[in-house]
Amino acid sequence: MTTLAPDVPAAVESVEAVRAARRRPRRRLLLVWAGLALATVAAFLARVLLGDFTFTIPDAVRIVLGEEIPAVSFILMETKLPRAVLAVLVGLALGVAGAIFQGVLRNPLASPDIIGVAMGASAAACFAIIELGQEGVSVALWGAAGALMMAAVVRLAGGSGSQLVLVGVGATVALQALVQYLFTRADEYDAHIALRWLTGSVGEATWSQIRLVVVGLLVLLPLTAMLAKSLGIAELGPDFATGLGVGPRRTDLVLLMAVLLVALAVAVAGPVSFVAFLSGPIARALNGGRRTLVGAGLTGALIVVAAEYPADYLFTDVNYPVGVITGAVGAPFLLWLLASGRTGRSAR
Amino acid sequence: MTAILTSVETSRLRAAGLSLGYAERSVVHDLDLALPDGEVTVIVGANGCGKSTLLRGLARLLKPAQGAVLLDGRSIHEQPSREVARTLGLLPQNPVAPEGLTVVDLVGRGRHPHHGRFRRWSASDDAAVARALELTDAVDLAHRPVDELSGGQRQRVWIAMALAQETDLLLLDEPTTYLDVAHQVEVLDLLVDLNAARGATVVMVLHDLNLAGRYADHLVALREGAVVAAGRPSEVVTPALVREVFGLEAQVVVDPVSRTPLVVPIGRHHRRSEATAVPNVADAT
Amino acid sequence: MTHGLALSRANAGHSLTGGAPRPARVLPARATALLVAVAAVAFVLSVSVGSVGVVVPWAALDPDHTSYAVAAARLERTVTGCCVGAALALSGALLQGLTRNPLADPGLLGITAGATIGMVLAVAVWSVQTLSGYLWFSFLGAALAAIVVHLLASLGGGAATPGRIVIAGAAVTAALTSWTTALLLTDHERFDRLRFWMVGGLGTGYDALQAVGPTILAGIVLGLLGTRLLDTLALGDDLARGLGRNVVRDRLVVGLAVVLLAGSATAAAGPISFVGLIVPHAVRAMVGSSHARVLPLSLGWGAVLLILADTVGRVIAPPTEVQVGIMTALVGVPVFFLLVRRGAGVRW
């Protein structure tokens, strides 16, 4: 018989060893998920209930269920709650997308915010705001289109792997020049709007935006889950992937899911700096070095919701967009990651 | 030169008129090769002769510029990749494991071709992984992170991953590079045992001609993208071949341990001394 | 890369991509003659042509001529452009030699971003008014960025390989850019003052040149002194040490030159990218890789490139002008993509 398939079954002890070895990490993973979910809920509640106005939980529940408490009702339902909800959803999308990019491209620095996808969104949106005088949904669509186009360009020009990261870096620098140029052509008001958009903000959250994101996530997340197994194979590199039956087209499909998630998030909130980049590595660190997409999504949600609070209240006269906080914190973390050598080249 | 097989040997994997190249360069030209089933085939040649390229072509990693790679009579590129993955296992050069993966995780990835769109992990997968770990003597490493293993252990784990695929054929590209000598012999012994125990077809690229001669049933020598010789090592490895393929003057003697051809380089420094008393294999009739 | 063979190749001018030594296609004498001819034409064009029409070049020298104002202004821009272009091109050539990376450019490696945030801090936060005042902030920013990039690339185990340097540069650029944006967001007025400067333009005048002239000159001198340093460094640190060089000191000298050149150019003309990338490659394609030829010729061709870019920017979209920073990006990005695709990429 010419096959490597077993003719002698494995010893029971070996099978037990295998099962035990698989169980251990799974327990930790569940713990991580639970912990992150709890933290996110806590941050969410803090964001919604605390602040200039403090709500008690019973009051908040009554308002949500439809009761009208003058003035306060509006604040909860039209500003605080939508902002917090959108923050969670956007963080979720960006976190998952970032983890996918980092996994497929096998480099934690290959994140949509660094390789030009987010910058593409920014440039397109600024173009729409400043040159075309657009606002609202139209800007969102332009932003999404920009993200998709940049992803395609970088992918085609850069091939895969390390080249892709380099091409993305170059594209980012070039797009920055474009954005600066657009700023010079804008009037004061538009320029300021564009600048806020540039860093990412959930400040203008509306329930219609939230509906849009929820629908998008309901479509994209299950698809992503189905493709998650391919991600695990793609992580081994293109040769192994092909050898195991996951061709380059399938890898591209996984990346496409990630780009669509980024486009969705960017369309409503702008490119919230560094969330996509940070979520994957943080989730991994919590999970003992193992990749987890759910963990990354939860981490992203946690980061954005948690950053929303200081963004709003840190400086009394300025209402920063959340992207400034995530950027200010994310940047040193990025540098620390590099310094400690966790840039993804793993053992042979 | 076509590889000649005896009438009793069959060959599921063949190259027919195969030309492979990168960009403008053609690395392998119009090559015909039949890889005998159930045997250990080793491909050797000097650096840049195209042996890795050939293996990658056979494993469908490269699209042929001309000609075809045939698996069970059909072009390998026309068959769905996942199906091929159930028949043909591959261990490329310089494998890199993602961070944080444990041994069972990595070996478990090898089960992917057997999972359909919706079929998830099952008991048979546990069994396959366990068996693969037993064969590579890595069961006690099961829970360890791959990053923490030594070079030899890691290579065994990669081979276990390929074994977990449960294929009939196994292709390996330089599986012994970066291993020290003891581990090299360990890995090659393992592969030959697998072949002997269950008649799996093993095809590998090795750069060490002596190890190749020792472990191969069928030796294929390449030079500049063409097959120069193919057959049993004892017939194929001659001073003439070594000169042609490697550009090396050598004597070929019989390895006292394995009774296979052993290449003894001559080199400029030793040429001046008298010829040794050990008879040359080529002279013996 | 086989360092052993590189020794014999060093004099023949070995390719930075590690391939076969690149022979000089054009003799240096001929290349210089070509440069002089092209430079003369470019200079004249730059003074004559512009958004308000064509004037005769000698009008710039004759105060009584009707077109004196326009011509003199253009002459000012041209001279500025020559200095800035030369400085940027040389700094790029030095960086590429220093990091053994054909993709190095002060813009891509975070040095320009460092200079930028230094300037923004000076003008916006500490209200420095004079160019000579905020010039020092520009240097400081550039120097700090360079140090951080180098540290990041060499920490975490392993040497500062070209690939890690580029990624560290990308990370530092991303970080600094997000902080710069945050700073700009805090004050509308600040942003309005700075957004025109940030796109990169040559309109700052002779005062600016007076301030940065000496430092550019110092940078050029230091850089040219580093010619032989770079040829030796190109062989790799170990070999260079084996040949008796003090690698650390060599690196510092060349690094200082880069900072002086890039910092001055950014202070005078705002952040301009890609000049340092394109010009050395074009020069190497002409005369081979020996630094003795590449460095001086980069100076000249850098000047030419910048004033040509500025001239084209002035006529391409009448009646407005497209700033030079975006023109260089327009040209630089395709070149960059091409280089990466061809494999001038980086192994890490």
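Residue numbers (this note's numbering), protein chains in the order written: chain X, 634 to 981; chain D, 7 to 291; chain U, 1409 to 1756.
Even glycine gets a Cβ: it sits at the ideal position worked out from N, Cα and C.
Quick caveat, the model's predicted, so the values are computed rather than measured.
Fill in: Coarse secondary structure for Arg1438(U), derived from DSSP in three states
Position 30 of the third sequence, counting from 1, holds the residue named residue 1438(U). DSSP places Arg1438(U) in the helix class (H, G or I) of the three-state scheme.
- [ ] Taking 7 Å as the cut-off, decide whether the C-beta atoms of Leu112(D) and Val152(D) are in contact.
- [x] Numbered from 1 along the second sequence, position 106 holds the residue referred to as residue 112(D). Numbered from 1 along the second sequence, position 146 holds the residue referred to as residue 152(D). In this structure, Val152(D) lies closer than 7 Å to Leu112(D) by Cβ.
Own chain partners of Ala1468(U) with C-beta closer than 8 Å, once the 5 adjacent residues on each side are dropped
What you label residue 1468(U) is simply residue 60 of the third sequence in a count that begins at 1. Val1455, Tyr1476, Ala1479, Ala1480, Arg1482 and Leu1483.
Check: Does Glu15(D) have its Cβ less than 7 Å from a Cβ in chain X?
Finding: Position 9 of the second sequence holds residue 15(D). With respect to chain X, the C-beta atom of Glu15(D) has no partner C-beta closer than 7 Å.
Exercise. Out of curiosity, what's the CA-to-CA distance linking Arg655(X) and Asp223(D)?
Worked result: Locating residue 655(X) in the first sequence gives position 22, counting from the first residue. Locating residue 223(D) in the second sequence gives position 217, counting from the first residue. Rounded to the nearest angstrom, the two C-alpha atoms are 38 Å apart.
I'd like the list of long-range same chain contacts for Ile1686(U), defined as Cβ closer than 6 Å, with 5 residues on each side in sequence excluded. Taking the first residue of the third sequence as 1, we reach residue 1686(U) at position 278. A distance below 6 Å between beta-carbons, with the five flanking residues on each side excluded, links Ile1686(U) to the following residues of its chain, in chain order: Gly1740 and Val1743.
Continuous alpha helix (DSSP H) stretch holding His1689(U): start and end
Start at 1 with the first residue of the third sequence, and residue 1689(U) comes out as number 281. Judged by DSSP secondary structure, His1689(U) falls within the alpha helix (DSSP H) whose first and last residues are Val1683 to Val1695.
task = Would you list the one or two residues that DSSP bridges to Ser6(D)?
result = In the structure displayed, chain D extends from 7 to 291; residue 6(D) sits before or after that span and is not available.
Could you work out which residues of chain X lie near Val1580(U), taking near to mean beta carbons separated by less than 8 Å? What you label residue 1580(U) is simply residue 172 of the third sequence in a count that begins at 1. The answer, in chain order, is Leu968.
Would you say Ser834(X) reaches chain U, if we count a Cβ-Cβ gap shorter than 7 Å as a contact? Locating residue 834(X) in the first sequence gives position 201, counting from the first residue. Chain U contact via Cβ: absent.
Legend entry - Coil, strand or helix - Thr108(D) by DSSP: In the second sequence, counting from the first residue as 1, residue 108(D) sits at position 102. Reduced to three states, the DSSP call for Thr108(D) is strand.
Counting only beta-carbon atoms, is Ser1586(U) nearer than 7 Å to chain X?
-> Counting from 1 along the third sequence, the entry for residue 1586(U) is found at position 178. Taking 7 Å as the CB threshold, Ser1586(U) lines the interface with chain X.
Burial state of Thr16(D), where buried means 16 or more other Cβ atoms lie within 10 Å: In the second sequence, the residue the question calls residue 16(D) occupies position 10. Classification of Thr16(D): exposed, given that the 10 Å Cβ count is below 16.
Notebook entry, point to check: Below 7 Å between beta carbons: does that hold for Gly753(X) and Met783(X)?
Noted result: By 1-based counting over the first sequence, the position of residue 753(X) is 120. By 1-based counting over the first sequence, the position of residue 783(X) is 150. Here Gly753(X) is near Met783(X), since their CB atoms are less than 7 Å apart.
Next on the checklist: For a cutoff of 7 Å on Cβ pairs, would you count Val135(D) as touching chain X?
Outcome noted: Here residue 135(D) refers to the residue found at position 129 of the second sequence. It does: the Cβ of Val135(D) has a partner Cβ on chain X nearer than 7 Å.
Contacting residues, own chain, Cβ-Cβ under 7 Å from Leu911(X) (five flanking each side not counted):
Against the first sequence, residue 911(X) aligns to sequence position 278. Excluding positions up to five away in sequence, the list reads Ile936, Gly963 and Phe966.
Note to self: Threshold first: 3 residues or longer. Then list the beta strand (DSSP E) segments lying entirely within the segment 209 to 235 of chain D, N to C.
What the structure shows: For the segment 209 to 235 of chain D, whole beta strand (DSSP E) runs of length 3 or above, ordered along the chain, are 224 to 229.
Close-in-space but distant-in-sequence residues of the same chain around Thr959(X) (CB under 8 Å, 5 per side omitted): Within the first sequence, numbered from 1, the residue matching residue 959(X) stands at position 326. Here Thr959(X) has Gly833, Val905, Ser906, Phe907, Val908, Leu911, Ile936, Val937 and Ala940 as same chain residues with Cβ atoms under 8 Å from its own Cβ, once five neighbours each way along the sequence are excluded.
Open item on the list: According to DSSP, simplified to helix, strand and coil, what is Val1740(U)?
Closed with: Against the third sequence, residue 1740(U) aligns to sequence position 332. Note that residue 1740(U) is Gly in the sequence shown, not Val. Helix, per DSSP.
ask   = Who are the near neighbours of His1699(U) in its chain, counting only those whose CB is closer than 7 Å to its CB and skipping five residues on each side?
value = The residue labelled residue 1699(U) in the question sits at position 291 within the third sequence. Within its own chain, the residues whose Cβ lies closer than 7 Å to the Cβ of His1699(U), once the five positions on either side in sequence are excluded, are Gly1505, Thr1635, Leu1638 and Asp1639, listed in chain order.
State yes or no: is the C-beta of Pro119(D) within less than 7 Å of the C-beta of Arg137(D)? Numbered from 1 along the second sequence, position 113 holds the residue referred to as residue 119(D). Numbered from 1 along the second sequence, position 131 holds the residue referred to as residue 137(D). No Cβ-Cβ contact shorter than 7 Å links Pro119(D) with Arg137(D).
Quiz item: What is the rounded straight-line gap between the Cα of Arg1603(U) and the Cα of Gly1526(U)?
Solution: Position 195 of the third sequence, counted from the first residue, corresponds to residue 1603(U). Position 118 of the third sequence, counted from the first residue, corresponds to residue 1526(U). Approximately 15 Å, taken between the alpha carbons.
DSSP beta-bridge partners of Gly237(D): For the purposes of this step, residue 237(D) is taken as the residue at position 231 of the second sequence. For Gly237(D), which the question treats as bridged, DSSP gives the partners Leu225(D).
- prompt: If you run the structure through DSSP and keep just helix, strand and coil, what is Leu1506(U)?
  reply: Sequence index remark: in the third sequence, residue 1506(U) carries index 98 (1-based). When secondary structure is reduced to three states using DSSP, Leu1506(U) falls in the helix class.
### Short Cβ contact (7 Å threshold) for Cys1491(U) with Ile1628(U)
Position 83 of the third sequence, counted from the first residue, corresponds to residue 1491(U). Position 220 of the third sequence, counted from the first residue, corresponds to residue 1628(U). Against a cut-off of 7 Å, the Cβ pair of Ile1628(U) and Cys1491(U) comes out as no contact.
Checklist entry - Closer than 7 Å, CB to CB, is Gly922(X) near chain D or not? => result If you number the first sequence from 1, residue 922(X) lands on position 289. Under the Cβ criterion of 7 Å, Gly922(X) is counted among the residues facing chain D.
Q.
Closer than 8 Å is the cut-off here; do at least three beta carbon pairs connect the segment 823 to 833 of chain X with the segment 879 to 893 of chain X?
A. Verdict: no, contact absent.
- Item | Where Ser94(D) falls: helix, strand or coil (DSSP) | As a first step, residue 94(D) is located in the second sequence; it is residue number 88 there, counting from the start. A small fix is needed here, since residue 94(D) is Leu in this sequence, not Ser. The DSSP-derived three-state label of Leu94(D) is strand.
message: Along the segment 753 to 785 of chain X, where does the CB come closer than 7 Å to a CB of chain D? Name the residues.
response: Hits within the stretch: zero.
- Closer than 7 Å to chain U by CB, Ile747(X): Here the question's residue 747(X) lines up with position 114 in the first sequence. Taking Cβ atoms only, chain U reaches closer than 7 Å to Ile747(X), which makes this a yes.
Inset, instruction - Name the two residues that bound the continuous alpha helix (DSSP H) containing Asp1595(U). - result: Within the third sequence, residue 1595(U) is the residue found at index 187, counting from 1. First-last for Asp1595(U): undefined, no H or E at that position.
**Asked** Going along chain U, which residues have a C-beta under 9 Å from Gly960(X)?
**Response** Counted from its first residue, the first sequence places residue 960(X) at position 327. Here the neighbours are Ala1582, Ala1583, Thr1585, Ser1586, Trp1587, Thr1589 and Ala1590.
Ignore the nearest five residues each way along the sequence and tell me which others in Pro1727(U)'s own chain have a CB closer than 7 Å to its CB. Translated into positions along the third sequence, residue 1727(U) becomes position 319. For Pro1727(U), same chain residues with a beta-carbon under 7 Å away, outside a window of 5 residues either side, are Ser1459 in chain order.
Exercise. Any Cβ of chain X within less than 7 Å of the Cβ of Glu140(D)?
Worked result: On the second sequence, residue 140(D) is found 134 positions in, with the first residue counted as 1. Residue-level contact by beta carbon holds for Glu140(D) and chain X, with a gap shorter than 7 Å.
Just verifying my parser: in three-state terms, what is the DSSP assignment at Pro1429(U)?
Indexing the third sequence from 1 puts residue 1429(U) at position 21. With a pLDDT of 46 at Pro1429(U), under the threshold of 50, the modelled position of this residue cannot be trusted, and the question is left open.
(request) Identify the continuous alpha helix (DSSP H) that holds Pro267(D) and give its terminal residues. (result) As a first step, residue 267(D) is located in the second sequence; it is residue number 261 there, counting from the start. Counting along the chain, Pro267(D) falls outside any alpha helix (DSSP H), though it belongs to the beta strand (DSSP E) covering Pro267 to Pro271.
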